[in-house]
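A short worksheet on the structure shown next.
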Amino acid sequence: MLLRYRTFCLLLWRLGFHGAVTASSSGHRHSVPRRDVQMVAPQTTRITNRGQLFEGESVELECITSGSRPPAEIRWRLDGELLSDAYLFVSPDENSTTSAVSFTPRREHDGKLLTCEASNPLLDNSSLLDDWRLVVYYKPEVSLRVVSSCGSSPQVGSFAVHLRCEAKANPRVSRFTWKLNGRTVDYQRPVREGDPSRRLSRTSLKTNLTGSFLCTAENSEGLTDSDALLLPQCKTVRTLPTDDGTLHVILLAAR
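Okay, here's the thing in structure tokens:
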């Protein structure tokens, strides 16, 4: 019923009828006072609460638009996809419209563009946008894999094991920890801001590095272990410093 009434009112606006004749409950007809109002596009649109976003923590996003006659409609989009279930409030003087929508950020939302679009439903090309490039904080997502196993390696010669630990995180990883059979065997930290890898500080290890190997990545949001990898049966090995500039790398080579 409300939708049909609104559609009817908008139709009257489009046809130029700003007054109408109605019937009272007693059956007597009376006229609604005419009101000549100029149609105006939205003048301002603003996403108001641009706070920090953390994965899994719900927030209420708010957008305010003003100046539209009649009151504006508001649509939310995330990376081009329409967000539903938004609440709409029109001020008593009909000068401003506020829209609020509940949003639970996920790590895949990091870097996506959120837009609030206000438009006059009776005017073509009246849209006015505000946008926000989202920054979502989340703990590391870690994977560990064997790049090359016991055998020939172009980096260090024969009998090399090349392990690569990859972490996606925001903020960036502050420390990597390597563990063998549950025991910590080495640490790595980024050398400088924006550099996610570092040369190993220890030049040799006397431990026979065979068994279950994993890496842990840590940032301010928490730490995450990779799945464990069972190393091939190699000879006693030593660590070699390496840095590929983009990934955290450890090389293990047999003597």
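Quick note, the sequence shown lines up with residues -23 to -1, 1 to 232 if you use mature numbering (1 follows the signal peptide of the UniProt record, and there is no 0). Each residue gets a CB set at the ideal place from its N, CA and C atoms; glycine is no exception.
Near ASP87, what residues of its chain come up, given a Cβ to Cβ distance below 6 angstroms and the 5 sequence neighbours on each side ignored? VAL113 and ASN147
Burial state of residue 233, where buried means 16 or more other Cβ atoms lie within 10 Å: As shown, the chain starts at -23 and ends at 232. That puts residue 233 outside it, with no answer to give.
Going by beta carbon distance, what residues of the same chain come within less than 8 angstroms of residue 314, once the five residues before and after it are set aside? Here the chain has residues from -23 to 232 only, and residue 314 is not among them.
Meets three-Cβ-pair contact criterion under 8 angstroms: the segment 50 to 70 and the segment 28 to 36: no
With H, G and I counted as helix, E and B as strand and the rest as coil, what does DSSP make of GLU34? coil
Considering Cα atoms alone, identify which of ASP108, THR22 and GLU50 is closest to SER96. GLU50
Below 8 angstroms on the Cβ atoms is my contact criterion, and I expect THR75 with GLU37 to pass it. Report the Cβ-Cβ distance as a whole number of Å. Incorrect: roughly 11 angstroms between the Cβ atoms, too far for contact.
Which term fits HIS7, buried or exposed, when burial requires 16 or more other beta carbons within 10 angstroms of its beta carbon? Per-residue confidence for HIS7 stands at a pLDDT of 44, beneath the threshold of 50, marking its modelled position as unreliable; no derived number is given.
Look at the alpha carbon of SER43 and the alpha carbon of ASP101, and state the distance between them as a whole number of angstroms. 17 angstroms
Would DSSP call GLU198 helix, strand or coil? coil
Is GLU71 helix, strand or coil when you go by DSSP? coil
For ASP108, count the other beta carbons within 10 Å of its own beta carbon; 16 or more makes it buried, fewer makes it exposed. Which is it? exposed
Just the C-alpha distance for ASN158 and ALA194, rounded to the nearest angstrom, thanks. 17 angstroms
Sequence-distant residues of the same chain with beta carbon closer than 6 angstroms to THR92, five excluded per side: ARG54, LEU106 and ASP108
Can you name the start and end residues of the beta strand (DSSP E) that SER103 belongs to? Where SER103 is concerned, there is no enclosing beta strand (DSSP E), given that its DSSP letter is neither H nor E.
Beta-carbon proximity of SER103 to GLU94, cut-off 8 angstroms: no
Candidates PRO117, ALA77 and PRO47: closest to ILE24 by CA position: ALA77
Starting from the C-beta of ALA144, find all residues in its chain whose C-beta is less than 6 angstroms away, skip the five residues before and the five after it, and write them out in chain order. PRO117, VAL119, VAL150 and ALA194
Starting from the Cα of ALA205, find the closest Cα among SER45, TYR115, LEU191 and SER197 and give me that residue. LEU191
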